[in-house]
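Below is one structure; the comments refer to it alone.
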Amino acid sequence: MTADQANVLEVLPIGMFEDLPENMHRVETPKNFSVILCDEHANLSRDALITLRAAARHDLFPVYWFGANPPSFADAVFPEISMQTLQLAYRDAQEQYRRIGQVAASHNDEDRGALNLLGYLVTRDIDAVPAWHPGSRSSVTYARLRPDLASRSLLSQLHRQGMLERTFWRKTHMCRKCSSARLNVAEHCPECRSSDLVEMDIVHHFACGHQGPQNAFQLTAGGRMICPSCEQMLNHFGVDYDKPGRVELCQNCQTVTEEPEVNFECLDCKTLTPSDEAPQNNWYQYSLTSLGRETVISGRLPVPGLETALGSFEPSKDYATFVALLDNGLSTAQRYGRPFGVCAMRFDQGRDDDHQPRPVNAASRATLIKLLREILRDSDFLYAEGEQIVFVFPETDAGQLDAIIRRIEDGLRKNMTDQPECRFEDWSDRTVRDILRGIRDVR
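full-length UniProt numbering puts the first residue of the sequence shown at 1, with every later residue one more than the last.
Following this line, the structure appears as structure tokens:
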């Protein structure tokens, strides 16, 4: 906020705000406003906020709520609309814009979303804390984050780049068809898929050895069970019979099973997903690191390395997982005399005007990932950092490794319009320690 704007706030009222104090100027159309005032009937959906953000003077504009049912991301909530509460909102907005003024503007549109998210955490002095939200298809929301700025993938990216640290919160399961996390867990009959199951005891008759569900044993007028195999009466538990376990009886098809299927039933598309096949999501609480705060002040994201682009690519491993797989794979290969290929690929794009390494551009990264999807096998894995990728190819001898390298080089040459300079080094004869030292050199 400039000095000229310090005394009068350009406010966009949404709802019944008939009178405003002199230090608030009503913006009749959503254009060049600084603050949003909402009554309890306002609709601030994610799409609405995206539209409003495009017309605001600053992407991090404050939102003030007057009345019941406020959203969790409101900067302040007041019980009613009055001159007193409007003045309180005015004073809070002045403080908000003092903090917003310390946030540097984005140097390019590509960084805008990340810098907005970091800036929001800084100016509101909050962490990104997940919470249950049954109305959402993901069943989880970051309630204190403004919906137009919140992005789970962006939070994960900023964590990989060292600007956020995270703490595990929950694991959720998803429908394999529509990815909704709104699921009902139920046991189903393995034959007809009905969930109308009744649990009952198994009865074991000692004398003849017959064993079956209790409903198969007829009852006498006195309530004694009769064995369906030998027709003897079972008088005493522990003497004539026992109950060694329980089974499930399907009321639909009468199938008896000891192990009913456990499925997730999607509340949105009704698809049944076996519990052991349901995709999973890990949710984390995120907080700013010192690098994240420095980034907000500078307005410049660190140069993105290949680890950012490859973060969701399945063969790409985090450092700890990569080290464990490498150590186990190499020791196994040495023990049994099996081939084991390791190579490093480095990109060199030169440096920019600030003497920072030029990153591989987004189009080239997308081409590289597509190429690696075609070439890498299920057993192959990699670790990326900066502009270097270390590939590990189990059961791969020198000739096969050379052929893989040529395929990658040919694919880059044919599919990349902006040809980055890259070179490969064969690290197959290195020890685990030497391989990790080669990685640390670019970390």
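Built from N, CA and C at the ideal position, the CB exists for glycine as well.
Given the structure is predicted, the values throughout are model-derived calculations rather than measurements.
Tell me which same chain residues have a C-beta within less than 8 Å of the C-beta of G329, skipping the five on either side of it? F340, V392 and P394
Alpha carbon to alpha carbon, what distance is there between L52 and S45? 10 Å
| request: Starting from the Cα of S290, find the closest Cα among P228, L49 and L158 and give me that residue. | output: L158
| message | I'd like to know whether the C-beta atoms of Y97 and F78 end up nearer to each other than 9 Å. | response | no
- Could you work out which residue in L37, F33 and L9 is closest to residue 456 when comparing CA atoms only? Coverage of the chain is limited to positions 1 through 443, which leaves residue 456 absent and any answer about it impossible.
Is L60 near G119, with beta carbons less than 9 Å apart?
yes
Checklist entry - Under a three-way DSSP split, which group does T141 fall into? => result strand
Margin query: Let me confirm a value: C178 is counted as buried when at least 16 other C-beta atoms fall within 10 Å, else exposed. Which label applies?
Written below: exposed
Could you round the C-beta distance between H210 and D242 to whole angstroms and report it? I think they count as a contact, below 8 Å.
12 Å between Cβ atoms; not a contact.
| query | Under a Cβ-count criterion, where at least 16 other Cβ atoms within 10 Å of its own Cβ denotes burial, should W283 be classed as buried or exposed? | reply | buried
Neighbourhood of L412 by C-beta, 6 Å cutoff - its chain only, sequence neighbours within 5 removed: none
ask   = With respect to the alpha helix (DSSP H) encompassing S156, which residues constitute its N-terminal and C-terminal limits?
value = R152 to R160
### Query
Nearest to C192 by alpha carbon, out of N108, V256 and Y319?
V256
| said: Determine whether the beta carbon atoms of M174 and Q280 lie at a separation below 9 Å. | reply: yes
- Out of curiosity, what's the CA-to-CA distance linking C227 and P260? 26 Å
If you compare alpha carbons, which of C230, S180, A93 and V198 is closest to L267?
S180
Anyone know if the C-beta pair for Q400 and I439 falls short of 9 Å?
no
Taking the alpha carbon of L12 as the point to measure from, which residue in H41, A398, E277 and A55 has its own alpha carbon closest? A55
Practice item. Drop a sphere of 10 angstroms on the beta-carbon of M225, count the other beta-carbons inside from all chains shown, and report buried for 16 or more, exposed for fewer. Key: buried
How about the stretch 142 to 162 and the stretch 264 to 278: do they share at least three Cβ pairs that are nearer than 8 Å? no
| task | Compare the beta carbon distance of N263 and A320 with 9 Å and say whether it is the shorter of the two. | result | no
Checklist line | Secondary structure, beta strand (DSSP E): runs of 3+ residues fully inside the stretch 227 to 309 | finding: 241 to 250, 261 to 266, 272 to 274 and 280 to 288
- prompt: Considering Q214, what are the terminal residues of the beta strand (DSSP E) in which it resides?
  reply: First-last for Q214: undefined, no H or E at that position.
Output needed for V27: all residues of its chain with C-beta closer than 6 Å, excluding positions within five of it in sequence on either side, in chain order. E10, L12 and F33
Since V432 is in the alpha helix (DSSP H), which residue starts that stretch and which ends it? V432 to R440
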